[in-house]
Every structure is written in C-alpha cells, then in structure tokens.
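Sequential numbering of the sequence shown, starting at 0, is according to numbering that gives the first Met the number 0. The beta-carbon is built from N, C-alpha and C at its ideal position, and this holds for glycine as well. All figures in this text were calculated on a predicted structure; none of them were measured in a lab.
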Amino acid sequence: MNDFSPLRDIPILIGSFFVLTAAVGVLRFPDLYSRLHASSKLVTLGSAGIFLGAALELTEAAAFTRLAAILLFQFLTTPLSAYLIAQAAYLRALPPRLSGPDEWNQLGRHPQPGDEPPREDPTG
0 MNDFSPLRDI PILIGSFFVL TAAVGVLRFP DLYSRLHASS KLVTLGSAGI
50 FLGAALELTE AAAFTRLAAI LLFQFLTTPL SAYLIAQAAY LRALPPRLSG
100 PDEWNQLGRH PQPGDEPPRE DPTG
C-alpha cells in the first residue's frame, strides 16, 4: 500500500525539516538572542509547511479556513513576540555574545547598571 501524496507530503517534510533545524539551533546557539531567532523564524516557516501540507489534503472548506487563520495568527504574533522578548532582555542588560560592534549600545539605548530613567525638566 502506497500512501505517498507528493502534494501533501513534500510541504510537510520541508516544514518538519525547519522545525528540526530550529530545535538544533536552540540547543547549539550560545545566547538568548540567537536562540530566539532560530526558534521564532524557523518554527514559523516549519509550521507553514506543515499547515500547507495538511490544508492541501483536507477537503472541507471550514478546516482549510481554520488552518489559514491559525497560520496567519502565527505569522503575525511569533516574530513580534520574539522581538519583544529580545528587546526586554537587552534593556535588562542581558549581554549578547557579539562578534562585531554593538549598534544599540553605540546609539545610547542600552542602560547601564545603576542608571536612573531620564526625568523631564519641570521648567521646560
């Protein structure tokens, strides 16, 4: 019995490869920022492939619509939440492991330990 359907199985296999790559990236990368990048980008792409393969197999329009809505929600929320987590970690002074210059620190956006938030001038 051969149950191989290329239209369904190839996107699912590609999506599974992206999810596996994300898992390896989370285990191998050195810091929070690169781990967040691997998990958010690759899991989003992997789930897109898996959802696409599942949606191509389904015959009901309601199930296809649900999968499309889930995928759209995931595409909108996953990268945004990863960005916000990385920004919060950076502003809490969690140091990244950088091989080059730190552009955010050069712009003066990185608080130093013991710094107070800027105060507004009451006379101005």
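> Where does F3 land, buried or exposed, given buried means 16+ other C-beta within 10 angstroms?
Replying inline: That one is exposed.
>> Here's the rule: buried if 16 or more other CB atoms are within 10 angstroms of the residue's CB, otherwise exposed. What is Y89?
In response: By the neighbour-count rule (16 or more Cβ atoms within 10 Å), Y89 is buried.
>> Extract the residue ranges of the alpha helix (DSSP H) inside the segment 2-49, only unbroken runs of 4 or more that lie entirely within it.
In response: For the alpha helix (DSSP H) assignment, the uninterrupted runs of no fewer than 4 residues enclosed by the segment 2-49 are, from N- to C-terminal side, 5-27, 31-36.
> So, using beta-carbon positions, are A54 and A67 closer together than 8 Å?
Replying inline: Yes, the pair counts as a contact, with Cβ atoms nearer than the cut-off.
>> Quick check on the DSSP output: the alpha helix (DSSP H) that includes L83 runs from which residue to which?
In response: Unbroken alpha helix (DSSP H) run through L83: 60-90.
> Under the three-state reduction of DSSP, which class applies to L51: helix, strand or coil?
Replying inline: Shown here, L51 sits in a helix according to DSSP, grouped into three states.
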